[in-house]
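Protein chains in written order, with our numbering: chain G, 34 to 145; chain L, 201 to 314.
Idealized CB from N, CA, C, for every residue including glycine.
Please read the structure below before turning to the comments.
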Amino acid sequence: GQQLNQSPQSMFIQEGEDVSMNCTSSSIFNTWLWYKQDPGEGPVLLIALYKAGELTSNGRLTAQFGITRKDSFLNISASIPSDVGIYFCAGRRGAGNEKLTFGTGTRLTIIP
Amino acid sequence: ETGVTQSPTHLIKTRGQQVTLRCSSQSGHNTVSWYQQALGQGPQFIFQYYREEENGRGNFPPRFSGLQFPNYSSELNVNALELDDSALYLCASSPGGTGIAEAFFGQGTRLTVV
């Protein structure tokens with residue numbers, strides 16, 4: 034099945050650093066969601082974006098819905114140990130009831 | 201806590217057997233979607249139920265089937281299990297028909313086929 038392209042695939046950073054990751058698609062999505070998944074757990078919703086150009090924050094996390102509607106970005110400021118995990122973007126073509134297409138994931142590791 | 205619960209959390213089945221996985225949606229949510237997540241990959245859409253009707257299906261064979269009940273809980277059934285069916289199965293609930301796109305996932309069921 035189709036998956037969106039996320040980059041980088043993995044990141045190794047030190048605590049306190051800022052993090053940036055992105056998600057790109059060859060087709061347009063009308064909603065972008067960002068999730069975080071810990072090993073053996075289900076994805077947890079972080080941020081939902083509904084409009085092209087929208088910038089939304091959730092604490093230290095900020096996500097943007099790309100103007101072309103084919104990409105989205107997630108930034109984490111001042112990373113802490115609990116930020117470790119895999120971050121997935123997901124796009125939905127409709128505004129409500131359609132399936133989510135997930136990205137390939139970005140694995141974030143914090144180096145002591 | 202998303203309010204979405206799945207059972208069982210883990211199970212092991214033999215190739216050729218059948219399995220039923222269960223999901224209770226978040227209160228007030230009438231849509232349940234099922235996803236398969238292989239190791240190291242993002243979740244892949246299997247199908248979705250809205251108000252007890254299937255209203256979308258991914259690229260999965262007919263031996264993957266489902267149900268949604270009047271209380272909006274749902275089951276995923278897989279017949280004739282194959283080794284490649286080993287994966288984390290996730291269900292997500294959302295308030296369909298509201299224009300709200302957010303979907304909330306359960307903790308998943310880890311299926312191992314041997």
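For residue i, which beta-bridge partners are listed by DSSP?
{"i": "F62 (chain G)", "result": "F62 (chain G) is not bridged to any residue."}
{"i": "G138 (chain G)", "result": "Partner(s): none; G138 (chain G) has no beta bridge."}
{"i": "D104 (chain G)", "result": "G:T57"}
{"i": "T89 (chain G)", "result": "G:A96"}
{"i": "N277 (chain L)", "result": "L:T220 and L:S265"}
{"i": "G124 (chain G)", "result": "G:W65 and G:T134"}
{"i": "Y249 (chain L)", "result": "L:V232 and L:E254"}
{"i": "A238 (chain L)", "result": "DSSP lists no partner for A238 (chain L)."}
{"i": "S227 (chain L)", "result": "BP columns for S227 (chain L) are empty, so no partner."}
{"i": "K84 (chain G)", "result": "Its beta-bridge partners do not exist; DSSP assigns none."}
Is it buried or exposed, residue i, if we count other Cβ atoms within 10 angstroms and call 16 or more buried?
{"i": "G127 (chain G)", "result": "exposed"}
{"i": "T142 (chain G)", "result": "exposed"}
{"i": "F304 (chain L)", "result": "buried"}
{"i": "E254 (chain L)", "result": "exposed"}
{"i": "L283 (chain L)", "result": "exposed"}
{"i": "D285 (chain L)", "result": "buried"}
{"i": "V278 (chain L)", "result": "buried"}
{"i": "L79 (chain G)", "result": "buried"}
{"i": "I100 (chain G)", "result": "exposed"}
{"i": "D51 (chain G)", "result": "exposed"}
{"i": "S6 (chain G)", "result": "Since the displayed chain G opens at 34 and closes at 145, residue 6 (chain G) lies outside it and no answer follows."}
{"i": "T227 (chain L)", "result": "Looking at the sequence itself, residue 227 (chain L) is Ser, so the reference to Thr does not match. S227 (chain L) is exposed by the Cβ-count criterion."}
{"i": "Q70 (chain G)", "result": "buried"}
Got a sec? Which residues, its chain only, sit under 8 Å from residue i by beta carbon, not counting five neighbours each side?
{"i": "K84 (chain G)", "result": "F98"}
{"i": "T209 (chain L)", "result": "Q307, G308, T309 and R310"}
Grab me the residues of residue i's own chain with a C-beta within less than 6 Å of its C-beta, minus the 5 sequence neighbours each way, in chain order.
{"i": "L66 (chain G)", "result": "A81 and A123"}
{"i": "G239 (chain L)", "result": "The question names Gly, yet the displayed sequence has Leu at residue 239 (chain L). So no residue of the chain qualifies."}
{"i": "F260 (chain L)", "result": "I246"}
{"i": "G256 (chain L)", "result": "Q248"}
{"i": "S224 (chain L)", "result": "T205 and S273"}
{"i": "Q35 (chain G)", "result": "T134"}
{"i": "S207 (chain L)", "result": "R222"}
{"i": "S110 (chain G)", "result": "D51 and R93"}
Could you pull out every residue in the same chain whose Cβ sits closer than 7 Å to the Cβ of residue i, ignoring the five residues on either side in sequence?
{"i": "H229 (chain L)", "result": "Y272, S293, S294 and P295"}
{"i": "E48 (chain G)", "result": "S112, I113, P114 and I143"}
**OP:** Name, going along the chain, the residues of the stretch 215-236 of chain L whose beta-carbon falls closer than 7 Å to a beta-carbon of chain G.
**Re:** Residues T231 and S233.
Subject >> Residues within the stretch 70-88 of chain G neighbouring chain L, beta-carbon criterion of under 8 Å >> reply: Of all residues in the stretch 70-88 of chain G, G73, E74, G75, P76, V77, L78, A81 and Y83 have a Cβ within less than 8 Å of some Cβ in chain L.
Original post:
Is it a yes or a no for the stretch 228-235 of chain L touching the stretch 285-296 of chain L, going by three-plus beta-carbon pairs under 8 Å?
Top reply: Contact between the stretch 228-235 of chain L and the stretch 285-296 of chain L is present, with at least three C-beta pairs closer than 8 Å.
**OP:** Taking a Cβ distance cut-off of 7 Å, strictly less, list which residues of the stretch 262-277 of chain L are near chain G, in chain order.
**Re:** Going along the stretch 262-277 of chain L in chain order, one finds no residue with a Cβ nearer than 7 Å to chain G.
Original post:
Does the pairing of the stretch 134-141 of chain G with the stretch 209-225 of chain L give three or more beta-carbon distances under 8 Å?
Top reply: Touching, no.
Subject >> Residues of the stretch 300-312 of chain L with Cβ closer than 8 Å to any Cβ of chain G, in chain order >> reply: Cβ contacts with chain G: I300, A301, E302, A303, F304, F305, G306, Q307, G308 and R310.
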